[in-house]
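K.L.:
Okay, handing you the structure first.
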């Protein structure tokens, strides 16, 4: 299983916001903290806002915050929202041209594996990812390098 960089960044954004729940956070701050592209993060955050995971407040003094408590943000739901397709192989799609489809045992095994993967993530909330080490790393330790603006 492979998740896209978009999803990876989405989870990092949520973790960062979850460890900074007492204040608004800017996209630039997150980009600097994780040493990632601000432009790329803007796309990720936009999708998180559309999904109802993040609130974005515009204007002076604006920023980002979680749209709901970390205890109800389910990682499996975030994955499904951020990943454009969870098709592990071509035959998962609607336009399969494989001659083994629809009775392929590989397709069945991969479908079960994907379901198991998502089932595990459905049992994990954002709150579960906000441990002491994340709080220390994201608050106490300062980033060594930041991407130039």
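Numbering (the working numbering), first residue to last: 662 to 810.
For each residue, glycine too, the CB sits at the ideal point set by N, CA and C.
In this structure, how does DSSP classify residue 761 when only helix, strand and coil are distinguished?
P.N.:
Of the three classes helix, strand and coil, the one that applies to residue 761 here is coil, per DSSP.
K.L.:
Compute the Euclidean distance between the alpha carbons of residue 779 and residue 723, then round it to the nearest angstrom.
P.N.:
34 Å
K.L.:
Run through the DSSP bridge pairs and tell me what residue 697 is partnered with.
P.N.:
BP columns for residue 697 are empty, so no partner.
K.L.:
Given this structure, state the Cα-to-Cα distance separating residue 761 from residue 768, to the nearest angstrom.
P.N.:
9 Å
K.L.:
What are the complete alpha helix (DSSP H) segments, minimum 4 residues, inside the segment 664-737?
P.N.:
666-680, 688-695 and 699-711
K.L.:
Can you check whether the CB of residue 782 is closer than 7 Å to the CB of residue 679?
P.N.:
no
K.L.:
Are there 16 or more other CB atoms within 10 angstroms of the CB of residue 733, so buried, or fewer, so exposed?
P.N.:
Label assigned to residue 733: exposed.
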